[in-house]
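Beneath this line is the structure, given in structure tokens, with notes to follow.
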Amino acid sequence: MNGLFITIEGADGSGKSTQIDLLNTYLASNNYDVLLTREPGGTVISEVIREIILDKAYMEMCDMTETLLYAAARAQHVQQLIKPALEQNKIVICDRYVDSSLVYQGIGRGLGVEAVSVINRYATGGLEPDLTILLNLQADEGLKRKKEQRDLDRLELQRSNFYKKVGEGFLALSRKESKRIKVVNATKSIEEVHQEILSYVQKYLADH
Ligand code: TYD
696 MNGLFITIEG ADGSGKSTQI DLLNTYLASN NYDVLLTREP GGTVISEVIR EIILDKAYME
756 MCDMTETLLY AAARAQHVQQ LIKPALEQNK IVICDRYVDS SLVYQGIGRG LGVEAVSVIN
816 RYATGGLEPD LTILLNLQAD EGLKRKKEQR DLDRLELQRS NFYKKVGEGF LALSRKESKR
876 IKVVNATKSI EEVHQEILSY VQKYLADH
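In terms of our numbering, the sequence shown opens at residue 696 and continues consecutively.
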């Protein structure tokens with residue numbers, strides 16, 4: 696496969712969508728053939744699975760089911776969309792991929808990074824991104840400020856701990872895979888973040 700597979704990762708609210716739009720616009724206007732896609736989703740079947748995963752009607756969903764559904768959506772996405780695009784030499788930009796499962800399900804839900812990794816290696820046939828941009832945000836600035844005013848309620852506390860784990864999990868992963876995962880400080884201005892992402896992508900394109 697000769698295309699370039701870029702994934703964008705980060706905690707909720709890290710500005711991924713804005714940065715993906717900017718990167719897509721830049722590459723497209725420089726005549727690169729780009730496929731923009733997201734997880735969970737990207738294909739009809741994967742979008743239906745996404746609705747099941749995110750539906751508030753299914754609060755009883757257990758962590759393992761959630762993990763397998765993300766992996767099932769991903770298997771379809773890789774086979775039907777991502778692999779064919781890479782074979783056509785396209786640049787694929789994907790909003791979240793396996794790293795999200797490793798961090799949200801493996802660490803956040805506590806299923807273990809190794810177990811979630813095995814499931815996903817099977818689901819993707821081992822397809823890994825060439826380059827991953829991690830938009831890094833300090834965990835829960837908002838909640839921290841609230842905490843100074845009063846004690847957090849149970850749900851706020853749970854959420855706060857969950858997102859803290861997610862943020863730390865992404866950083867730990869980036870240290871382990873520092874060649875592939877590039878950490879960008881998401882608290883900088885939109886333009887600064889965009890330029891930093893571009894520098895990583897341009898370097899990759901120049902080197903390959
Ligand atoms: P989405 O609305 O796309 O959120 P975002 O804009 O932050 O990407 O919802 C995706 C949610 O699913 C998000 O909270 C992260 C989570 N997620 C996982 O837990 N595991 C995964 O493998 C993926 C792809 C997403």
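Virtual Cβ for every residue (Gly too), placed ideally from N, Cα, C.
Item	Value
How is G698 classed by DSSP in three states: helix, strand or coil?	coil
Measure from the alpha carbon of R733 to the alpha carbon of each residue in I786, Q775 and Y792, then state which is nearest.	Y792
If you run the structure through DSSP and keep just helix, strand and coil, what is N831?	strand
State yes or no: is the C-beta of R791 nearer than 7 Å to some heavy atom of ligand 1?	yes
If you run the structure through DSSP and keep just helix, strand and coil, what is T732?	strand
Count the other CB atoms, across all protein chains shown, that sit within 10 Å of the CB of H889; report buried if there are 16 or more and exposed otherwise.	buried
Check whether the segment 800–810 touches the segment 708–719, counting contact only when three or more Cβ pairs, one atom from each stretch, lie closer than 8 Å.	no
Are K751 and L830 close, meaning C-beta to C-beta below 8 Å?	no
Would a C-beta distance cut-off of 8 Å place I876 and V787 closer than the cut-off?	no
I'd like to confirm something about D848: is its beta-carbon nearer than 7 Å to some heavy atom of ligand 1, or not?	no
Is Y765 near ligand 1, with its Cβ less than 7 Å from a heavy atom?	yes
Looking only at its chain, what residues have a beta carbon closer than 8 Å to the beta carbon of E761, apart from the 5 residues adjacent to it on each side?	I748, Q800 and R804
Would you say the beta carbon of E704 comes nearer than 7 Å to a heavy atom of ligand 1?	no
May I have a chain-ordered list of the beta strand (DSSP E) segments no shorter than 3 residues that lie completely inside the segment 769–836?	786–790 and 826–831
If you reduce the DSSP assignment to three classes, tell me which class N725 lands in.	coil
According to DSSP, is K877 helix, strand or coil?	strand
Buried or exposed for Q897, please, with buried defined as at least 16 other CB atoms from any protein chain shown within 10 angstroms of its CB.	exposed
Look at the Cβ atom of T827, then the Cβ atom of L776, and state whether they are nearer than 8 Å.	no
From L893 to K883, what does the alpha carbon distance come to, in whole angstroms?	15 Å
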